[in-house]
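The listed protein sequences correspond, in order, to chains A, B, C and D.
Going letter by letter, the first sequence gives residues 0 to 332 in numbering that gives the first Met the number 0.
Going letter by letter, the second sequence gives residues 0 to 332 in numbering that gives the first Met the number 0.
Going letter by letter, the third sequence gives residues 0 to 633 in numbering that gives the first Met the number 0.
Going letter by letter, the fourth sequence gives residues 0 to 633 in numbering that gives the first Met the number 0.
The beta carbon of each residue, even a glycine, is placed where N, CA and C say it ideally should be.
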Amino acid sequence: MSYTRVDFQTDQEVRWCPGCGDYTILAAVQNFMAGLDIERENVVFVSGIGCAARFPYYMNTYGMHSIHGRAPAIATGVAIANPRLSVWVVGGDGDLLSIGGNHLIHALRRNVDLTILLFNNQIYGLTKGQYSPTSEPGKATKSSPAGSLDYPFNPVSLAIGAEATFVARTLDMDRNHTTSMLKAAHQHRGSSLIEIYQNCNVFNDKAFIALTGKQERRENRINLVHGEPIVFGADREKAVVWEEGRAVIVNRASVDPSRIIVHNAHAEDASQAFALSRLAHGPYGPTPLGIFRDVYRPVYDDALEDQVTRSKAARGNGDLGKLLTSLGTWTVE
Amino acid sequence: MSYTRVDFQTDQEVRWCPGCGDYTILAAVQNFMAGLDIERENVVFVSGIGCAARFPYYMNTYGMHSIHGRAPAIATGVAIANPRLSVWVVGGDGDLLSIGGNHLIHALRRNVDLTILLFNNQIYGLTKGQYSPTSEPGKATKSSPAGSLDYPFNPVSLAIGAEATFVARTLDMDRNHTTSMLKAAHQHRGSSLIEIYQNCNVFNDKAFIALTGKQERRENRINLVHGEPIVFGADREKAVVWEEGRAVIVNRASVDPSRIIVHNAHAEDASQAFALSRLAHGPYGPTPLGIFRDVYRPVYDDALEDQVTRSKAARGNGDLGKLLTSLGTWTVE
Amino acid sequence: MDNENHTTGSAEPHLGAPEDAGGVRVDTQDRMVIRFAGDSGDGMQLAGNRFTDAAAIFGNDLATLPTFPAEIRAPAGTLPGVSSFQIQIADWDILTPGGEPGVLVAMNPAALMVHLEDVREGGILLINEEAFDERNLYKAGFESNPLDDGTLAGFDVHLVPMETLTKAAVKGSGVSGRAVLRSKNFLALGLLLWMFGRETEVTARWVEKKFAKMEAVKNANLAALKAGYNYGITTESFSRQIEVRPASLPPGTYTNVNGNTALAWGLIAGSQLSGLPLFYASYPITPASDILHELARRQNFGVKTFQAEDEIAAAGVALGAAFTGALAVTGTSGPGLSLKGETISLAMTTELPMIIVDVQRGGPSTGLPTKPEQSDLFLAVWGRHGESPLPVVAASSPSDAFESAVEACRIALKYMTPVILLSDGYIATAAEPWRLPDLAGLPRFEVPFAAGPNAGDRFLPYLRNMETMARQWAVPGMPGLEHRIGGIEKEETTGNISYDPENHQLMTDIRAWKVANIANDIPEIEVDDPDGADLLVLSWGSTSSAIRAGVGNARNEGIEVAHARIRYLSPFPANMPTVLSSYKQVLIPEMNNGQLSRLVKAEFVTPVISLNKVTGVPFTAQEIAAKIMELAGR
Amino acid sequence: MDNENHTTGSAEPHLGAPEDAGGVRVDTQDRMVIRFAGDSGDGMQLAGNRFTDAAAIFGNDLATLPTFPAEIRAPAGTLPGVSSFQIQIADWDILTPGGEPGVLVAMNPAALMVHLEDVREGGILLINEEAFDERNLYKAGFESNPLDDGTLAGFDVHLVPMETLTKAAVKGSGVSGRAVLRSKNFLALGLLLWMFGRETEVTARWVEKKFAKMEAVKNANLAALKAGYNYGITTESFSRQIEVRPASLPPGTYTNVNGNTALAWGLIAGSQLSGLPLFYASYPITPASDILHELARRQNFGVKTFQAEDEIAAAGVALGAAFTGALAVTGTSGPGLSLKGETISLAMTTELPMIIVDVQRGGPSTGLPTKPEQSDLFLAVWGRHGESPLPVVAASSPSDAFESAVEACRIALKYMTPVILLSDGYIATAAEPWRLPDLAGLPRFEVPFAAGPNAGDRFLPYLRNMETMARQWAVPGMPGLEHRIGGIEKEETTGNISYDPENHQLMTDIRAWKVANIANDIPEIEVDDPDGADLLVLSWGSTSSAIRAGVGNARNEGIEVAHARIRYLSPFPANMPTVLSSYKQVLIPEMNNGQLSRLVKAEFVTPVISLNKVTGVPFTAQEIAAKIMELAGR
Ligand SMILES: Cc1ncc(C[n+]2csc(CCOP(=O)(O)OP(=O)(O)O)c2C)c(N)n1
Ligand SMILES: Cc1ncc(C[n+]2csc(CCOP(=O)(O)OP(=O)(O)O)c2C)c(N)n1
Ligand code: SF4
Ligand code: SF4
Ligand SMILES: [Mg+2]
Ligand SMILES: [Mg+2]
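Have a look at this one:
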């Protein structure tokens, strides 16, 4: 089966604001899907509510635009009931981290085979601009005219703390990088979370300027690539080293090259990935993009299927007649 | 004002199973409270539902035994509405990590001034023995006769991932340690989470044997004390060192003493605390107890109070008459 | 097996009058209520269940009611720690576990304290006298010892040194220490079996199987059982035996089942009748958890169970499973149903089949978790935002839970709609003999799966079967049927988002019509009205049995009264208007403040008389009969 | 200000007949519906609001209805991107924003496409002709250009080159590039002001204040405004001016307010009348979010707002605040109300005062977020597990939202109970002139705070005021009043956990009685029945205005018909039975499938006629009048 991007487009007009970062992500996902060897009918997109959550309508696969926050739970049901499907979750920072936070962390710890795309625009887009659980402290919005008092989540840290087996971060503007993250997440069996910095040009424009500005991005973008040393900067003049359990940015010249961290996304111990996630609390300075963590752990859907298979093998296919009499019977004649 | 433990006891018969770890925790809290200089009337205990959640009925303070999972939200309301109160949350691993997981992580990131006691018995006690989000994988319970497929949370890791400013772990059996954790948590302004390993002798007896068994505890208990090197073992023969961003257990003799981690609970960067939390995923071998993290960050309740004060100062006490005419008026005569 | 052999001396059966039989009178009764009561640790549930089995196999009709201590395990010997099990056995088709016990087994003072007031005058008390020490008396709140202060005057009291007897009996079994006394429930049971002229054989067989791998325990229990039985034979103090003859139940194979188990089995039956895998997602909650536990053991039936992080997730996970073509079910109790509303509303508007089981308990809020109530009816029928009509089916007894579950599955799948299936804490834990259905005779369900594109080469997810108004179920994996559904109003046929006013009206009307139309596909209500009465008693749910019994009692008093039970509460059966208009008065007893009453009034604008009881304790037949008599002017 | 000055030539007022006035006819109308429609980016809401102000200050009565694009911002020029604002102005007490517009301002083809069908025959179309290029026509779905294909025949069409005019006007203002065209809404507005004989002064003042810090924008807008006005004066094509005279409203000071703002202010009033700090916890949701936004700006009133992680948390946080003695409120829309049920049930049983605002929108599920509906009534009254009775109060108009909020506060605090306050998407965003209340005249609330121990030296949290059945509110910080409350059934007076059956019955009865008794403490319903009619029309919520207007229309046709609006839906006012029994027929129009109808039938067992509409669009007076006429046999 060979697809082109068009095969994944639907007849629904795409209705995000012109200039919204969601468009680029959609294009990246459609292109990526076209290049896969999965049949369209075996793909399911589940979303909650929000601008991002409109996504399924634009993907010519099976899809559900569900209710706010519940997509990880619904997708869990899809994946567990039919482990042969490729199940994707799309949601915003409000959808997946605010109302849906619990379902997200539980899906991650269970390692259900889901690929979760978190469109983080650090704002509530659909409801017109309230601060979100990833908005910067002090942010003035309609619901926080005197400045938000919430301290934001770092979605990567949260996911790692919730025992996620695959966590990555990418940027709407960088389609190639987005695609490579999609590829890796898709290859990972079990839950994968990709945080995608997504510009909401209407309510939170330029939130990611540190990573998208011409000059800024050269300075701030830290590419995490498994097996490669973590160096960055306009002239690759910065490096990240371990210092007493913390990842610390130093001038590359000031350290022995052997001290520079060679990124290991497959480390069993989540500490390193966590430490790297602490390099940036929001994209305001040097910020890592790439795969923080990618390890294998038994996958819920497979394990459940396995229990069912083993149970049938051990006890034979259930016989309802026998079950009904299993507590003992007597006969009246 | 000076209290004794009796002042904090109520006329309600304590109704946990004989031998339940909850008793020791109750005694520790009552004793601890008696030694504080807070008036009883300024203390509020809020709980959800579960065996642990019965707690408020036994504390002669203000209290609410609310509904399953919602205690952190309700307590947030109490604390924010009246920042002069000392607000405590008590709940089980099901209450606070399963149904209440989202409220918990949001309370932690907001740094609401709450002291949260998580009674972790790794089981659902009240509903008679289903596995919980902290039960070990493969656990056979009524709801998982073929073995649980869930991978458990590490509550300390989760809390740190959720931007908690104070996270500690203690053990029901060790009253002194429990008391010192209570003291530190209480002194910390902002959210504090204490994970208390609590034995449910009916449905999950000996879950903490690695830390309570006579021999086992000598070998496994890792005491985290700020400013002290992390060494442990029956003969203090083990030590913890940094190794590429991970905390690793080594034979003390095999390393230079200078390499042994001197515990710093006050580090700004949460990476170290997180790394230490990864030493044990459940109390099955060497397991750290003590304060993982204790840092200051602006406290939600105070900051909100402050906004109100500043707003009044800047704009004067609100005048409803003026507000009603603020959109412009006209007069009909 | 016949029980005559087990009375000493003359053993001819006799009806009604007591008779002397070699020193032991044999009372023949048409029914008898027995209650086992003791500390949670005393094994009363086990003793009760074993007695139930013996009675069932003997051929009595019976109904049982276990009562567990509320929520938290209380310390031994205290009032909140008392656990009890009531059984009514009869030689006819009884319907309830009965009201006032004729026999009470009291293992300690607390049990006596809690239950004595219920025992009927002259009832038999079997008391473990050795538990009546000062400490236990204090814990139970007795100021003096009821065994000798006259409290028990008027009862037929038997003080049995159960602990001494048990210790003596189990000596040599290999059990030692504290464990010895664990067998005392078997001692009590043995004595009771003797008293009712039952062999110990059925129980002994069970013990042998159950404790096959625990030789010592097995021996101890068998010894205690026998000792209790023999104590009955040999002790002079027992001058009465009670005979309750086999009932003439309809022929068939029977088992004894509680409602949670039967409901779980009904779901499995739904799965087999539809050919769809059963998927059950739930968050533990009393008294619904046992459905999860039962189904979790049935993986070899292809059943997948999922313990979710909360009730909202459980509903969501079930909905996701429904999207893939599974028979999806989520089960809970009241507080959980309150939480699931938003997700159910999504299931309703996406028109996916799904069953939501609500095992009702005492409300509001946490309420009385271990007590039954019928107060979630409003929530089930009307408790969602927007216009969210749904079918609601209510089980009325443990065995009826099976059939109701099958019906819920049938309706959900045929009409592509979530269905709420109501049970309650009484049905959940009580047991009754159930005549097993002929499984082969149950009709298979047709499931409206989409076979392929349904509009040229397109697939329109909201194209409907014009008879049922069900849309087609296109499940992932089917090529060419890719489609998107969601919670925003959908355009008719295409399912695309539509804000068009007329379309919203149309879709709202269709959803309402779809549910209303199910009235034509469910059995009409059958009225039991032998005499052409003026008064109709309407029942639903677990109170139906007591109501039926109460109606029977009233008829025995010569009162003409009709009775009908409603299983389908939304929509109501098609003949409801006719039935209602055939009677001058309609009485609706409920364990709530009049919820069905209001539903009936709202639908049919007909006055009804409500009999409401919100105590967490089921109606007794007597209460119903009394109300009927009152209405009849007696 | 009088408008005669602004017509050219003769300017004597004249009623009814059009008159020639120096080439410009002046139509005097008793009312006129004007709709502004354009792309979301065209500033139609702003133009509408400015026009509203001018009309209000002129003294017209008016009602407005903004309509926003549903949910997602659509690309410019598309149909889903159309935003509109309707206003009806009148010289008498009008009640609705009206049905068919007499004037439509269409800024682009999409706006014309969406709204043309509503415009009444012969209506005036003010069209921005320069937007009608091929691309925009295509996006709007026009196959040919409606400006010259005959589509607009029968209308009074004015093609205005708005972009050219705007560009010319703002030249030199300092605004440049794309921003220039932003002022075109002021151009349209200026033209409209001229058309209705209004000065530009009011608007100009507003612009000066609003854009004080943005000199260039200010100048551009002022210039465009003037240019539009002058265009009206000078262009030959405009041969009509429309006069709508000031209404004779009751004397007083008026402001123009939408329902969300008025409701927020009502809560602040509740706070001031009770002396309690207002605490508002919410999770953003359309159309309720603006209440949060408004209150978040009022910290100097001592208001604390909290944006929670979800609706359950918001309810919980509010409940926690209530425990501390705050006036606690949580606000949401339908899906959120479905989620809050469990927590509301806890608030009910802990008997803490709390207000739950539900700004209803189209359901079920996500439904139609930007459209009004009245379909959460069942959920409000009956949508919780267990017996969970609550007072429910419904606002009927933007300004009534203030008073209803005050009432909700009063009831919650006096009776120690959560109260549900219903509004809807129409009330939320529509505006109307509101005669400001005399704040000093509002009675203060007494709050049942516990002052100290109430039973000797003990404090019993469930000891009640025997008149209201309210328990005392003991807030943390008060020594000696330490107590525990919770969701398990509580023992009467002590509040300790109780599983006692009789206590559960008692507490259930008390909770029901407490709510039922509020019927004696709310105003009776007032029936507007000048003629002693046989038909009563009952209304609630936002449809009340259209219903009142429809009743007026029917009376104008000579039909006798009574009207009453119900603000209190649980409990119903005490005189409901009397009122209902005084009429032969009762008509209940609702934007749902008959929820109040069913509540009335369930409570009073009286037949009612339902008029239901579930399109997301409010009733028009015409629809109501038509139904009344039908019932009257006309
Ligand atoms: C139960 C419920 N609560 C609230 C809402 C309103 N709501 C819709 S989307 C949203 C948040 C949008 O933010 P985010 O998830 O970050 O998505 P974005 O629009 O930014 O892509 C909210 C609060 C809703 N639809 N349902
Ligand atoms: C909404 C809701 N769901 C489920 C329950 C049932 N329930 C009560 S406590 C509990 C979990 C108990 O486990 P945990 O929180 O670990 O407390 P423990 O009893 O172990 O102390 C559950 C599932 C409930 N009361 N309410
Ligand atoms: S509001 Fe923001 S996130 Fe939503 S579609 Fe527009 S630009 Fe994108
Ligand atoms: S069930 Fe377990 S946790 Fe609950 S009271 Fe008993 S021992 Fe304690
Ligand atoms: Mg967002
Ligand atoms: Mg637990």
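Quiz item: Can you list, in chain order, the residues of its chain whose CB lies under 7 Å from that of residue 210 of chain B, leaving out five sequence neighbours each side?
Solution: Contacts found: 170, 196, 216, 219, 220, 282 and 286.
**Request:** On a CA-only basis, which of A:307, A:284 and A:293 is nearest residue 295 of chain C? Give me that one, please.
**Result:** Closest by alpha carbon: A:307.
List, in order along the chain, the chain D residues whose C-beta lies closer than 7 Å to that of residue 74 of chain B? Ordered by position in chain D, the residues that pass the 7 Å Cβ test against residue 74 of chain B are 319.
Residues sharing a beta bridge with residue 194 of chain A, DSSP = Paired residues: A:117 and A:168.
Distance, Cα to Cα, residue 611 of chain C vs residue 538 of chain C? Taking the Cα positions, residue 611 of chain C is about 12 Å away from residue 538 of chain C.
Exercise. Helix, strand or coil for residue 348 of chain C per DSSP?
Worked result: Correct three-state label for residue 348 of chain C: helix.
Under 7 Å: does the beta carbon of residue 21 of chain A sit that close to some heavy atom of ligand 3? Indeed, a heavy atom of ligand 3 lies less than 7 Å from the Cβ.
Exercise for the section: Output yes if chain C places a C-beta closer than 8 Å to the C-beta of residue 80 of chain A; else output no. Expected result: Residue-level contact check: residue 80 of chain A touches chain C, since one or more beta carbons of chain C fall below 8 Å from its beta carbon.
Residue 201 of chain B CB to nearest heavy atom of ligand 4 below 7 Å: Answer for residue 201 of chain B: yes, Cβ within range of ligand 4.
| task | For residue 24 of chain A, decide whether its Cβ has a neighbour in chain C, counting only Cβ atoms nearer than 8 Å. | result | Not closer than 8 Å to any Cβ of chain C, the Cβ of residue 24 of chain A fails to qualify, so no.
Please report how far the alpha carbon of residue 572 of chain C lies from the alpha carbon of residue 140 of chain B, in whole angstroms. The alpha-carbon of residue 572 of chain C is positioned some 42 Å away from that of residue 140 of chain B.
Using the three-state DSSP reduction, which class does residue 170 of chain C fall into: helix, strand or coil? In the three-state reduction of the DSSP assignment, residue 170 of chain C falls in the coil class.
### Task
Output, in sequence order along the chain, the residues in the segment 86-111 of chain D whose CB is closer than 8 Å to any CB in chain C.
Of all residues in the segment 86-111 of chain D, none comes within less than 8 Å of chain C when Cβ atoms are compared.
Query raised in the report: Taking the DSSP output, what are the residues bridged to residue 257 of chain D?
Result: Bridge partners of residue 257 of chain D: D:430.
For residue 22 of chain B, the three-state DSSP class (helix, strand or coil) | When DSSP states are grouped into helix, strand and coil, residue 22 of chain B belongs to the helix group.
| task | Can you have a look at residue 49 of chain D and say buried or exposed, based on whether 16 or more other CB atoms are within 10 angstroms of its CB? | result | Under this definition residue 49 of chain D is a buried residue.
If we cut at 8 Å on Cβ distances, does residue 273 of chain A have a partner in chain B?
Yes, residue 273 of chain A lies at the interface with chain B (some Cβ there is under 8 Å from its Cβ).
Exercise for review: Ignore the nearest five residues each way along the sequence and tell me which others in residue 119 of chain B's own chain have a CB closer than 7 Å to its CB.
Suggested key: Here the set comprises 92, 133, 154, 194, 195, 196 and 197.
Short CB-CB distance (under 8 Å) between residue 302 of chain A and chain D: For residue 302 of chain A, the answer is no, since every Cβ of chain D falls outside 8 Å of its Cβ.
message = Buried or exposed for residue 213 of chain A, going by 16 or more other Cβ atoms inside 10 Å?
response = That one is exposed.
By Cβ distance below 7 Å, which residues in the same chain neighbour residue 303 of chain A in space, the five residues on each side in sequence not counted?
Setting aside the 5 residues that flank it on each side, residue 303 of chain A is surrounded in the same chain by 79, each with a C-beta closer than 7 Å to its C-beta; the list follows chain order.
Pick out whichever of C:444, C:422, C:490 and C:469 has its Cα sitting closest to the Cα of residue 263 of chain C. The shortest Cα separation from residue 263 of chain C among C:444, C:422, C:490 and C:469 belongs to C:422.
Inter-residue Cα distance where the pair is residue 410 of chain C and residue 416 of chain C: Approximately 8 Å between the Cα atoms of the pair.
message: Distance check for residue 113 of chain B and residue 85 of chain B, CA to CA, integer angstroms please.
response: When only Cα atoms are considered, residue 85 of chain B and residue 113 of chain B end up about 7 Å apart.
(request) Answer with yes or no whether the minimum CB distance from residue 498 of chain C to chain D is below 8 Å. (result) At least one chain D Cβ lies under 8 Å of residue 498 of chain C.
Practice prompt. Compare the C-beta of residue 104 of chain A with all C-beta atoms of chain D and state if any pair is closer than 8 Å.
Written response: Not an interface residue.
| For the segment 250-282 of chain C, which residues have a beta carbon sitting closer than 7 Å to at least one beta carbon of chain A? | Answer set for the segment 250-282 of chain C: 250, 251, 252, 253, 254, 255, 256, 264, 267, 268, 271, 278 and 280.
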